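Asks:
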Amino acid sequence: MIIQQKSDIAPSEITPKEVFENRRHFIKQAGFGLLATSALAHSHLLLAADNTRLNAPSGKNSKSILSLPSFTKTAYGKDEKLTSYEDVTTYNNFYEFGTGKSEPAVNAKLFKPHPWTISIEGEVKKNKTISIDDILKLAPLEERIYRMRCVEGWSMVIPWVGFPLAQLIKWAEPNANAKYVEFVSLADSQQMPGVNLPILDWPYTEGLRMDEAMNPLTIMAVGLYGEKLPNQNGAPMRLVVPWKYGFKGAKSIVKIRFTEKMPITTWMKAGPKEYGFYANVNPQVEHPRWTQSSEKRIGAGLFAGRIKTQMFNGYTEQVGQMYAGLDLRKYF
Amino acid sequence: MHIKQLLRRVPNKIQITGIKFSLFALCLLPLARLIWLGVSDDLTANPIEFIERSTGFWALFILLLTLSLSPIRMLWGPAWPLQFRRMLGLMMFFYASLHITIYLWLDYGFDWADIIKDIIKHPYVLVGASAYLLTLPLAVTSNQYMMQKLRERWKQLHLTVYLIAILGVVHFWWLVKKDIREPLFYALVLGFLLGVRLFYKLRQIKSKSDKTRKIKLPVSA
Numbered sequence: 065m066i067i068q069q070k071s072d073i074a075p076s077e078i079t080p081k082e083v084f085e086n087r088r089h090f091i092k093q094a095g096f097g098l099l100a101t102s103a104l105a106h107s108h109l110l111l112a113a114d115n116t117r118l119n120a121p122s123g124k125n126s127k128s129i130l131s132l133p134s135f136t137k138t139a140y141g142k143d144e145k146l147t148s149y150e151d152v153t154t155y156n157n158f159y160e161f162g163t164g165k166s167e168p169a170v171n172a173k174l175f176k177p178h179p180w181t182i183s184i185e186g187e188v189k190k191n192k193t194i195s196i197d198d199i200l201k202l203a204p205l206e207e208r209i210y211r212m213r214c215v216e217g218w219s220m221v222i223p224w225v226g227f228p229l230a231q232l233i234k235w236a237e238p239n240a241n242a243k244y245v246e247f248v249s250l251a252d253s254q255q256m257p258g259v260n261l262p263i264l265d266w267p268y269t270e271g272l273r274m275d276e277a278m279n280p281l282t283i284m285a286v287g288l289y290g291e292k293l294p295n296q297n298g299a300p301m302r303l304v305v306p307w308k309y310g311f312k313g314a315k316s317i318v319k320i321r322f323t324e325k326m327p328i329t330t331w332m333k334a335g336p337k338e339y340g341f342y343a344n345v346n347p348q349v350e351h352p353r354w355t356q357s358s359e360k361r362i363g364a365g366l367f368a369g370r371i372k373t374q375m376f377n378g379y380t381e382q383v384g385q386m387y388a389g390l391d392l393r394k395y396f
Numbered sequence: 239m240h241i242k243q244l245l246r247r248v249p250n251k252i253q254i255t256g257i258k259f260s261l262f263a264l265c266l267l268p269l270a271r272l273i274w275l276g277v278s279d280d281l282t283a284n285p286i287e288f289i290e291r292s293t294g295f296w297a298l299f300i301l302l303l304t305l306s307l308s309p310i311r312m313l314w315g316p317a318w319p320l321q322f323r324r325m326l327g328l329m330m331f332f333y334a335s336l337h338i339t340i341y342l343w344l345d346y347g348f349d350w351a352d353i354i355k356d357i358i359k360h361p362y363v364l365v366g367a368s369a370y371l372l373t374l375p376l377a378v379t380s381n382q383y384m385m386q387k388l389r390e391r392w393k394q395l396h397l398t399v400y401l402i403a404i405l406g407v408v409h410f411w412w413l414v415k416k417d418i419r420e421p422l423f424y425a426l427v428l429g430f431l432l433g434v435r436l437f438y439k440l441r442q443i444k445s446k447s448d449k450t451r452k453i454k455l456p457v458s459a
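Now the structure itself:
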């Protein structure tokens, strides 16, 4: 019998299950006649409120085979006010499951994150593969409460469960030519309806400089709120780089490739003027679409206003030295 | 019943009032829904964005509805729906005003330095702000008194509605990150509505010049 080490705060204590399960009620749109035709295109907004109920965590009984091994708490973000489980799991971007923010929670329901294999390629001693089960045994899991700043101007505070990427890199044994790490997400058109649309150049690809990847803040997350990672948040394993905009955190990773040259990421291809390789959170570097000097904290309420965005999302102390002498306007 | 037959039946005054009132009530439904969702705390994880998107959508939708009344006359004949243009136009202005108010107040908390920066630095915001400023003179002159006072100039002034619609669609298009299907749909609808007008205008010009040629022919012969 597996005895799970209980974390001091159960997710249910942070946000009572009844609260997030029953809070939102969907109001059916009716009798618009002619309006309905056009409203169809608008429907992902109209339906947004409906998704949450489908998606509340299903409770202890579903946790059997894929429940997380024990993890330890850390001091990271212990004073932050957490974004609710409901908001974290129903409002996010995961274009493989649709471009609306409430779509991943609905469209990823039948996604199968197990069994799962990750291949290690490129500038390594030897190409190899590893299963998600073995990855979970590589390093002890820990909880890290990180701020997440989306390039679109909103932010959250998320209690991830994961391990430092450095541990996985150590196991992967990159050679001396390895200067960058590329992360490739799954692009399975059977399971991921969004992949059928040519909106991005699939598969989703992200990358980090080697020192960024080895930074102690960089983690591979396999869970959140003490539970295994929900499908819509990038199950079974995703990258979390808290001082960079959220899109750097590749989800449902199937391949890790070490390279000598800087990888061209998906968003760099999609909009080279808007998305750079570094994508460090920086209130001084403007984006052509969204204000980057301030942000809306999800869950803060209608009248909370905006909060000032911090340099490197507030992690300057831990990561600032990596960019000394780099022109952050040029290398945005 | 065929749509042509239906449209040929000109409603009487009481029916017109009834239709007008129903349209007015329908136009208020999106607002009622927002209030309802607000009261039941159902405005999604990002309520401000949700309200901004919703009011912006309905402003554009009602504007397109307003602009579809002339093509209905051109394509099928009935002129009586044209008398709803003012009310629908003002409804569009109402939703656009809500949209702007939410942006200035809830989104930016009247932080004018940030707002001005946002407008100048982000093309889609600039386009949207311009579109709204252009609606102001139209809203102010949407009454009998101003119509009679301005006469021909009133007509010219209200032609800006086409520019406003184009800016509205561009505003939506540019705010979308990558999936442009929705704004593309509205661009096509607007293209159709403006295309019908252009087609009929050109036909009018052509038939006029044909007439003058016919008159001139015997003279030159």
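Note that the protein sequences, when read in sequence, are chains A and B.
Residues 65 to 396 in the working numbering are what the first sequence spells out, letter by letter.
Residues 239 to 459 in the working numbering are what the second sequence spells out, letter by letter.
Ideal Cβ placement from N, Cα and C applies to all residues, glycine included.
Model, not experiment: these values are computed from the prediction.
Against chain A, with Cβ distances strictly below 8 Å, would I404 of chain B count as a contact?
Replies: Not an interface residue.
Asks: Report the rounded CA-to-CA distance for F396 of chain A versus A263 of chain B, giving the unit in angstroms.
Replies: Cα to Cα, F396 of chain A sits roughly 49 Å from A263 of chain B.
Asks: Going along the chain, which residues of its own chain have a beta-carbon closer than 8 Å to the beta-carbon of V305 of chain A, five neighbours each way excluded?
Replies: L272, E276, L281, T282, K312, G313.
Asks: Return the Cβ separation of I289 of chain B and L272 of chain B in integer angstroms, given the expectation that the two are a contact with Cβ distance under 8 Å.
Replies: About 6 Å; that satisfies the 8 Å criterion.
Asks: For a cutoff of 8 Å on Cβ pairs, would you count P285 of chain B as touching chain A?
Replies: Judged by the 8 Å Cβ criterion, P285 of chain B is in contact with chain A.
Asks: Hey, quick one: how far does the beta strand (DSSP E) through P223 of chain A stretch, first residue to last?
Replies: Segment 218-228, the beta strand (DSSP E) holding P223 of chain A.
Asks: How far does the beta strand (DSSP E) with T269 of chain A in it reach, from first residue to last?
Replies: That run of the beta strand (DSSP E) goes 269-273.
Asks: On the DSSP bridge assignment, give the partners of L303 of chain A in chain order.
Replies: A:M284.
Asks: In this structure, how does DSSP classify R451 of chain B when only helix, strand and coil are distinguished?
Replies: In this structure, R451 of chain B counts as helix in the three-state DSSP scheme.
Asks: Give a yes or no on whether the C-beta atoms belonging to L426 of chain B and S380 of chain B are separated by under 8 Å.
Replies: No, Cβ-Cβ distance for L426 of chain B and S380 of chain B is not below 8 Å.
Asks: What's the C-alpha gap between Y244 of chain A and E324 of chain A?
Replies: Going from the Cα of Y244 of chain A to the Cα of E324 of chain A covers about 6 Å.
Asks: What would DSSP say about P421 of chain B, mapped onto helix, strand or coil?
Replies: In the structure shown, P421 of chain B sits in a helix (DSSP, three-state: H, G or I).
Asks: Report the residue from A:G226, A:G164, A:L293, A:F227 whose alpha carbon sits nearest the alpha carbon of E420 of chain B.
Replies: The option with the nearest alpha carbon to E420 of chain B is A:G164.
Asks: Would you kindly work out how many angstroms separate the C-alpha atoms of G340 of chain A and A334 of chain A, rounded to a whole number?
Replies: Taking the straight line from one Cα to the other gives about 11 Å.
Asks: Enumerate in chain order the residues of its own chain whose CB-to-CB distance from N156 of chain A is below 7 Å, with the five nearest sequence positions on each side excluded.
Replies: Within the same chain, N156 of chain A has close Cβ partners K165, P168, Q296, N297.
Asks: Please go through the same chain and pick out, in chain order, the residues whose beta-carbon is closer than 6 Å to the beta-carbon of T293 of chain B, but skip the five residues on each side of it.
Replies: Closer than 6 Å at Cβ, skipping near neighbours: Y333, L336, H337.
Asks: I'd like to know whether the C-beta atoms of T373 of chain B and F322 of chain B end up nearer to each other than 8 Å.
Replies: Taking 8 Å as the Cβ cut-off, T373 of chain B and F322 of chain B do not qualify as a contacting pair.
Asks: Between R451 of chain B and I404 of chain B, what straight-line distance do the alpha-carbon atoms span, to the nearest angstrom?
Replies: For R451 of chain B and I404 of chain B, the distance between alpha carbons rounds to 36 Å.
Asks: Please determine whether the Cβ atom of M325 of chain B lies at a distance below 7 Å from any heavy atom of the ligand GTP.
Replies: This structure lacks the ligand GTP, and indeed carries no ligand of any kind.
Asks: Given a limit of 7 Å on CB to CB distance, which residues of the region 323-352 of chain A reach chain B?
Replies: Cβ contacts with chain B: A334, E350, P352.
Asks: Restricting to runs no shorter than 4 residues, where is the alpha helix (DSSP H) found entirely within the region 352-394 of chain B?
Replies: Counting whole runs of 4 or more residues, the region 352-394 of chain B contains the alpha helix (DSSP H) stretches 361-378, 382-388.
Asks: What are the residues in the region 201-227 of chain A lying within 7 Å of chain B by C-beta distance?
Replies: Hits within the stretch, in order: W218.
Asks: Thinking C-beta only, is T373 of chain A closer than 8 Å to E359 of chain A?
Replies: Contact: yes.
Asks: Is F430 of chain B helix, strand or coil by DSSP?
Replies: If DSSP states are grouped into helix, strand and coil, F430 of chain B belongs with the helices.
Asks: Report the CB separation of W314 of chain B from V248 of chain B in whole angstroms; it is logged as a contact under 8 Å.
Replies: Not a contact, Cβ separation roughly 13 Å.
Asks: From the DSSP secondary-structure annotation, give me the bridge partner or partners of K192 of chain A.
Replies: Paired residues: A:I184.
Asks: Please look up how many angstroms separate the CB atoms of S183 of chain A and V318 of chain A, rounded, as I've assumed it's under 8 Å.
Replies: Correct: roughly 7 Å between the Cβ atoms.
Asks: Could you give the C-beta distance for K308 of chain A and V349 of chain A, rounded to a whole number, given that I count them as a contact under 8 Å?
Replies: With a Cβ gap of about 12 Å, K308 of chain A and V349 of chain A do not count as contacting.
Asks: So that I know if they touch, is there some Cβ in chain B lying closer than 8 Å to that of R321 of chain A?
Replies: Chain B, which has no Cβ nearer than 8 Å to the Cβ of R321 of chain A, makes this no.
Asks: Using a Cβ cut-off of 8 Å, pull out every chain A residue sitting near G233 of chain B, in sequence order please.
Replies: The requested residue 233 of chain B is not part of the displayed model; chain B covers only 239 to 459.
Asks: Checking contacts by CB at 8 Å: is P294 of chain A closer than that to chain B?
Replies: Judged by the 8 Å Cβ criterion, P294 of chain A is not in contact with chain B.
Asks: Provide the residue(s) that pair with T323 of chain A in DSSP beta bridges, ordered along the chain.
Replies: Answer by DSSP bridge pairing, in chain order: A:Y244.
Asks: Taking C-alpha atoms, which residue in A:L146, A:P238, A:N191 lies nearest to M9 of chain A?
Replies: Beyond the ends of chain A as shown, which are 65 and 396, falls residue 9 of chain A; an answer cannot be given.
Asks: May I ask you to list the residues that DSSP assigns as paired with F410 of chain B?
Replies: Bridge partners of F410 of chain B: none, in fact.
Asks: Determine contact between the region 275-288 of chain B and the region 347-359 of chain B, defined as no fewer than three beta-carbon pairs at a distance below 8 Å.
Replies: The region 275-288 of chain B, when compared against the region 347-359 of chain B, does not touch it at the 8 Å Cβ threshold.
Asks: Less than 8 Å between the C-beta atoms of G287 of chain A and D151 of chain A, yes or no?
Replies: No; because the gap between Cβ atoms is not below 8 Å, this pair is not in contact.
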